[in-house]
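Here's the structure, in structure tokens; my notes come after.
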Amino acid sequence: MNNHAISRRALLGWIGKTAGASAMYQAMTSLGFAAESSHPGKLNLGGAKKGATVLVLGAGLAGMAAAYELRKAGYKVKILEFNARAGGRCWTLRGGDTYTELGGVTQQCQFAEGNYINPGPWRVPYHHHHVMSYINEFNIAIEPFIQVNYNALVHSTKAFDGKPQRYREVQADYQGYAAELLGKALNQNALDEALTSEDREKLFESLRHWGALDAKGDYKKSREVSLRRGFAIPPGGGLSPKPEPSEPFDQSTLIQSELWKYIVNGQDIEFQSSIFQPVGGMDNIAKAFEKRVGDLIEYSAKVTKIDQSDSGVAVNFEQNGEAKSAQADWCVCTIPLSILSQIPVQASSGMRAAIRSVPYAASVKVGLEFKRRFWEQDEAIYGGVSYTNLPITNISYPSTKFCDKGKGVLLGGYVWGANAFEFTSLPPAERVKKAVEYGKQIHPQYAEEFDNGISVGWHRVPWTQGCFGLWTEEKRAEHYENLCQVDGRLVLAGEHASNLPAWQEGAISSAHDAIKRLHNKALNTVA
Amino acid sequence: MNKMKKYLLSGSMLFVSTCLYATDDAGFSEGANFEEVTGEALYHAICQGCHMTNAEGAQGAGRYPALAKNPKLAAGAYVVYMVSNGMGGMPPLKQYLSDKQIAEVVNYTRSHFGNHFTDVVDADDVKTIAKR
Numbered sequence: 073m074n075n076h077a078i079s080r081r082a083l084l085g086w087i088g089k090t091a092g093a094s095a096m097y098q099a100m101t102s103l104g105f106a107a108e109s110s111h112p113g114k115l116n117l118g119g120a121k122k123g124a125t126v127l128v129l130g131a132g133l134a135g136m137a138a139a140y141e142l143r144k145a146g147y148k149v150k151i152l153e154f155n156a157r158a159g160g161r162c163w164t165l166r167g168g169d170t171y172t173e174l175g176g177v178t179q180q181c182q183f184a185e186g187n188y189i190n191p192g193p194w195r196v197p198y199h200h201h202h203v204m205s206y207i208n209e210f211n212i213a214i215e216p217f218i219q220v221n222y223n224a225l226v227h228s229t230k231a232f233d234g235k236p237q238r239y240r241e242v243q244a245d246y247q248g249y250a251a252e253l254l255g256k257a258l259n260q261n262a263l264d265e266a267l268t269s270e271d272r273e274k275l276f277e278s279l280r281h282w283g284a285l286d287a288k289g290d291y292k293k294s295r296e297v298s299l300r301r302g303f304a305i306p307p308g309g310g311l312s313p314k315p316e317p318s319e320p321f322d323q324s325t326l327i328q329s330e331l332w333k334y335i336v337n338g339q340d341i342e343f344q345s346s347i348f349q350p351v352g353g354m355d356n357i358a359k360a361f362e363k364r365v366g367d368l369i370e371y372s373a374k375v376t377k378i379d380q381s382d383s384g385v386a387v388n389f390e391q392n393g394e395a396k397s398a399q400a401d402w403c404v405c406t407i408p409l410s411i412l413s414q415i416p417v418q419a420s421s422g423m424r425a426a427i428r429s430v431p432y433a434a435s436v437k438v439g440l441e442f443k444r445r446f447w448e449q450d451e452a453i454y455g456g457v458s459y460t461n462l463p464i465t466n467i468s469y470p471s472t473k474f475c476d477k478g479k480g481v482l483l484g485g486y487v488w489g490a491n492a493f494e495f496t497s498l499p500p501a502e503r504v505k506k507a508v509e510y511g512k513q514i515h516p517q518y519a520e521e522f523d524n525g526i527s528v529g530w531h532r533v534p535w536t537q538g539c540f541g542l543w544t545e546e547k548r549a550e551h552y553e554n555l556c557q558v559d560g561r562l563v564l565a566g567e568h569a570s571n572l573p574a575w576q577e578g579a580i581s582s583a584h585d586a587i588k589r590l591h592n593k594a595l596n597t598v599a
Numbered sequence: 002m003n004k005m006k007k008y009l010l011s012g013s014m015l016f017v018s019t020c021l022y023a024t025d026d027a028g029f030s031e032g033a034n035f036e037e038v039t040g041e042a043l044y045h046a047i048c049q050g051c052h053m054t055n056a057e058g059a060q061g062a063g064r065y066p067a068l069a070k071n072p073k074l075a076a077g078a079y080v081v082y083m084v085s086n087g088m089g090g091m092p093p094l095k096q097y098l099s100d101k102q103i104a105e106v107v108n109y110t111r112s113h114f115g116n117h118f119t120d121v122v123d124a125d126d127v128k129t130i131a132k133r
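Line order of the protein sequences matches chains A and B.
Take any residue in the first sequence, note its place counting from 1, add 72, and you have its number in the numbering used here.
Take any residue in the second sequence, note its place counting from 1, add 1, and you have its number in the numbering used here.
Right, dumping it as structure tokens:
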């Protein structure tokens with residue numbers, strides 16, 4: 073039995089080496105961590121001392137979730153928020169909205185009624201239990217987010233003469249050829265030591281099934297293969313032309329194209345079905361919280377100092393040019409570390425070092441509105457994502473209002489890494505222009521159909537100065553505990569204080585964890 | 002400037018290794034790293050995103066310090082350290098840049114925008130400080 077188990081591991085290892093699965097996985101999990109958040113247990117914030125006060129800094133999802141739960145538990149809560157709106161990065165831009173970035177340029181969103189772009193988070197995976205539980209509790213309407221669309225495109229400037237290919241063709245052929253090769257290795261007895269003869273037989277059968285191989289184990293033009301990758305002439309009714317199977321790509325061309333990089337995305341737990349979006353924009357989550365805690369929020373309040381003593385916290389802030397201060401027994405601070413690192417904070421040296429240790433990622437999103445939904449009307453692409461090696465990295469089609477006859481908005485660029493710095497450095501209108509130029513290589517209709525666009529470079533966002541806390545394993549080992557611990561009367565929360573960086577689930581689960589510990593400390597603190 | 006035409010002959014390693022202007026037609030880097038070469042091009046492709054076109058910095062909930070007329074730039078090693086390793090909101094950039102590129106952009110910034118520091122840093126200085 074034991075020997076059997078080892079051979080299966082060996083086999084998996086062999087497959088991994090052949091297919092480069094781990095390399096693909098690493099390359100494609102751009103956010104780095106595929107950790108699943110635990111199901112939210114009961115918060116059990118019972119027994120709060122009468123009249124105890126908490127000051128929450130920041131009215132993003134972490135801050136508002138903390139305030140909502142703490143007030144329910146009996147605390148007197150107040151929130152200070154830099155912006156004139158709640159939500160933080162849980163943010164949606166719609167027609168008529170204006171956004172002024174650092175440097176002073178104001179963009180006015182010109183989208184048609186009902187169209188929008190989420191510059192920040194745009195998806196809620198089914199296993200983000202904290203977010204899902206509030207969606208349930210607040211009755212926020214959600215709809216499926218189409219992550220994988222087999223009819224969307226994968227594109228490389230260096231493969232197939234720069235011509236985009238269908239995801240389904242690359243997916244079917246990659247899987248088919250991998251199955252065929254493994255089957256050949258089996259039949260050439262290359263795996264005799266790794267597998268029993270029964271397993272070899274069963275594996276061969278499974279490979280034919282998995283890869284749509286013929287009886288001999290070959291992956292080639294056939295009806296079976298076309299049922300995966302699509303037909304040259306699809307089956308129709310009556311006297312329409314006879315169905316004609318399609319020809320698979322040349323094996324070497326496919327391997328060298330690197331387009332296989334893109335087919336693994338939807339298999340990451342962060343993007344697996346079912347995955348959702350709020351109907352009408354991500355900020356519906358923020359608005360649902362704001363409806364419940366909006367009365368606690370002081371808007372346009374810029375925190376300038378966080379002080380604490382044995383008896384409480386004192387926070388200085390500026391509001392409409394006026395210097396003010398607020399006091400409380402306890403403080404939950406959700407200010408992004410990129411900003412908090414610039415504010416004097418009375419805390420242990422460990423926490424202060426942690427606050428200064430996390431840089432923020434560069435990322436850019438570009439929303440493009442077109443006169444019509446040409447991707448649906450011309451190409452039968454309904455939702456989902458096309459991938460490219462161009463700096464825009466992907467084009468995401470709206471997962472809503474399918475077959476609408478009006479204007480439609482694409483996420484025309486979602487940029488990371490070096491290209492994100494380059495995009496951020498351009499004026500907003502230039503970013504839109506570049507996204508259109510690049511996108512034209514994938515959808516020539518851009519030239520005719522483009523109407524207007526808006527772009528958000530996260531390092532230019534006045535209240536975050538970056539997209540999310542970019543931890544490394546080394547930094548986590550050194551600073552993470554110091555960052556998250558209750559420090560005197562202060563605790564930090566937000567995606568930066570989580571193992572789910574950049575995700576709303578990180579923000580809310582971090583807030584829950586922080587207030588549980590803060591509450592326990594409050595119960596055990598005299599006076 | 003970084004708006005150089007790129008004529009990529011596939012498979013020509015010689016071309017790749019001797020090409021000074023690797024950005025694409027639109028001025029963007031094609032790989033994971035920055036492909037701009039001169040200090041000026043690097044400043045306007047990277048630093049400008051936060052420190053702004055004329056290095057004037059910006060102010061929001063926090064701020065990006067102005068690099069223009071900034072006496073802190075007197076110590077070249079400090080600037081090299083910040084660009085390489087980052088600090089607080091400043092991201093470390095050495096993963097995207099060669100020692101030579103870091104030296105170029107540091108020298109450019111220290112001699113423009115009202116800064117007149119005449120000493121220069123070179124790739125060897127960066128190597129010592131960046132500690133890759």
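For glycine and all other residues, C-beta sits at the position ideal for the given N, C-alpha and C.
Small disclaimer: the values here were computed from a predicted structure and weren't measured.
| Check | Outcome |
| --- | --- |
| For Glu316 (chain A): DSSP bridge partner residues | A:Ile305 |
| Status (buried if at least 16 other CB within 10 Å, exposed otherwise) for Gly309 (chain A) | exposed |
| 8 Å Cβ cutoff, Ala490 (chain A) in contact with chain B | yes |
| Check: Arg238 (chain A) C-beta below 7 Å from any heavy atom of the ligand PLP | This structure lacks the ligand PLP, and indeed carries no ligand of any kind. |
| Endpoints, the alpha helix (DSSP H) within which Pro216 (chain A) is located | Taken as a continuous stretch (DSSP letters only), Pro216 (chain A) belongs to no alpha helix (DSSP H), being part of the beta strand (DSSP E) at Ile214 to Pro216. |
| Own chain, CB closer than 7 Å to Phe105 (chain A), minus 5 neighbours either side, in chain order | Because Phe105 (chain A) sits at a pLDDT of 43, beneath the cut-off of 50, its placement in the model cannot be relied upon, and the following sentence gives the value as read from the coordinates. Taken in chain order, the residues that qualify are Asn571, Leu572 and Pro573. |
| Closest Cα partner of Gln219 (chain A) within the set A:Gln179, A:Leu285, A:Lys593 and A:Ile467 | A:Ile467 |
| Reference His200 (chain A); option with closest CA among A:Lys588, A:Gln349 and A:Arg444 | A:Gln349 |
| Buried versus exposed, by CB contacts within 10 Å (16 or more), Glu319 (chain A) | exposed |
| Chain B contact for Ala95 (chain A) (CB, 8 Å cutoff) | The predicted model places Ala95 (chain A) with a pLDDT of 39, which falls under 50 and marks its position as unreliable, so this point remains unresolved. |
| Proximity below 8 Å, CB of Pro315 (chain A) to CB of Pro307 (chain A) | yes |
| The region 362-376 of chain A / the region 388-406 of chain A touching (three or more Cβ pairs under 8 Å) | yes |
| Residue interval of the alpha helix (DSSP H) (run including Gly422 (chain A)) | Ser421 to Ile427 |
| 6 Å CB neighbourhood of Leu98 (chain B) in its chain, flanking five on each side removed | Phe35 |
| C-alpha gap between Asp169 (chain A) and Asp379 (chain A), whole angstroms | 36 Å |
| Arg64 (chain B): contacting residues in chain A (beta-carbon distance under 8 Å) | Gln414 |
| Candidates A:Lys293, A:Gly560 and A:Gly529, of which the one nearest Val417 (chain A) by Cα | A:Gly560 |
| Beta-bridge partners of Glu394 (chain A), as assigned by DSSP | A:Gln391 |
| Test: Gly439 (chain A) CB closer than 8 Å to a CB of chain B | no |
| Within-8 Å CB hit, Asn34 (chain B) to chain A | yes |
| Residues near Arg589 (chain A) in its chain [Cβ-Cβ closer than 6 Å; skip 5 each side] | Val558 |
| For Ala262 (chain A), the three-state DSSP class (helix, strand or coil) | coil |
| Close-in-space but distant-in-sequence residues of the same chain around Asn596 (chain A) (CB under 6 Å, 5 per side omitted) | none |
| Unbroken beta strand (DSSP E) run spanning Ile467 (chain A), endpoints | Asn466 to Tyr469 |
| Buried or exposed (CB count within 10 angstroms, at least 16 for buried), Cys403 (chain A) | buried |
| For Phe114 (chain B), three-class secondary structure by DSSP | coil |
| Continuous beta strand (DSSP E) stretch holding Thr602 (chain A): start and end | The displayed coordinates of chain A run from 73 to 599. Any statement about residue 602 (chain A) would go beyond what the structure contains. |
| Own chain residues within Cβ distance below 8 Å of Phe118 (chain B), not counting five before or after | Leu74, Ala75, Gly77, Arg111 and Ser112 |
| CA-to-CA distance, Ala59 (chain B) to Gly175 (chain A), given in whole angstroms | 6 Å |
| As assigned by DSSP and simplified to three states, the class of Ser329 (chain A) | helix |
| Counted within 10 angstroms of its Cβ, other Cβ atoms place Gln414 (chain A) as buried (16 or more) or exposed | buried |
| DSSP state of Trp282 (chain A) mapped onto helix, strand, coil | helix |
| Close beta carbons around Asn190 (chain A), own chain, < 6 Å, minus the five adjacent residues each side | Thr164 and Met354 |
| Beta-bridge partners of Glu370 (chain A), as assigned by DSSP | A:Leu152 |
| Whole alpha helix (DSSP H) elements within the region 7-91 of chain B, 4-residue minimum | 14-19, 40-43, 49-52 and 77-86 |
| Selected residue, minimal CA-CA separation from Lys150 (chain A), among A:Gly366, A:Lys396, A:Lys505 and A:Thr536 | A:Gly366 |
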